Amino acid sequence: MTKPDFELEQALLDRGHFRIAGVDEVGRGPLAGPVVAAAVILNPQAIPEGLNDSKKLTARRRAALDAEIRHSAEFAVAEASVAEIDEINILRASHLAMVRAVETLSPAPDFLLIDGNMIPCGLKISSQAVVKGDARSVSIAAASILAKNWRDQVMVDLAQQHPGYGWETNAGYPSKQHKEALQNLGVTPHHRRSFKPVHNILYQE
889 MTKPDFELEQ ALLDRGHFRI AGVDEVGRGP LAGPVVAAAV ILNPQAIPEG LNDSKKLTAR
949 RRAALDAEIR HSAEFAVAEA SVAEIDEINI LRASHLAMVR AVETLSPAPD FLLIDGNMIP
1009 CGLKISSQAV VKGDARSVSI AAASILAKNW RDQVMVDLAQ QHPGYGWETN AGYPSKQHKE
1069 ALQNLGVTPH HRRSFKPVHN ILYQE
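So the sequence shown is numbered by our numbering: it starts at 889 and just counts up by one.
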């Protein structure tokens, strides 16, 4: 199994770029909570060991790498809210979160490596979309880790306000416990009303 490396970044450095940010998002699939994006500019001389797609790491390893990234790299994390997801759709909201994360970096990056096959509208920086980027680029992998840890903590905090849905473990994804709680406890303000399982309960379809 291949792991992400610094080859894409090195090629850009060789072409004269010097502030290269990896960008990734997490949270398109959940029924509740925001979508979160992160942008990370790694220090080529201080790349944390073991960076990988956040989904392939244990929670403990993600937490350790999160701390290392925050210590050694430049980064920004941003959200798009449930209201924004419902208003403009999840794809546009995830792109909005990416743009917000990138625009928070200061000084601005001069090139972006973006996970996926689309470059979000509104970015005024040279960019490359990288399919399965969190498995190819350490910068994107680092962004995936920060976004995942941030969003998981958001859902743990929301779980304390709304117990019973299991958000502290399912992060808002449609687990059996979460779907049963939707039926039994109802829809919270943090649920995405544009998502079919939530919409169907609201309108009893």
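The C-beta atom is built at its ideal place from N, Cα and C for all residues, glycine as well.
Every value quoted in this text rests on a predicted model; they were computed, and no experiment measured them.
- Distances from the alpha-carbon of V965 to those of K944, L919, S994 and R980 put S994 closest.
- For V1086, the enclosing alpha helix (DSSP H) stretches over residues K1084 to Y1091.
- Under the DSSP assignment, I908 falls in the beta strand (DSSP E) whose first and last residues are I908 to V914.
- In the DSSP secondary-structure assignment, D893 is bridged to S1025.
- The DSSP assignment places complete alpha helix (DSSP H) segments of no fewer than 4 residues inside the region 940 to 965 at 947 to 960, in order along the chain.
- Note that the region 928 to 945 touches the region 904 to 916; at least 3 beta-carbon pairs, one per stretch, sit closer than 8 Å.
- Sequence-distant Cβ neighbours of T992 in its own chain, meaning closer than 7 Å and more than five residues away, are A964 and A966.
- In the three-state DSSP reduction, Q933 falls in the coil class, being neither helix nor strand.
- Per the C-alpha coordinates, the member of K891, V914 and L1046 positioned closest to A968 is V914.
- Pairing H1066 with K943, the inter-Cα distance amounts to about 20 Å.
- With respect to the 8 Å criterion, E897 and S1025 are classified as neighbours on the basis of their beta carbons.
- In this structure, DSSP gives D1040 a helical state, which the three-state scheme calls helix.
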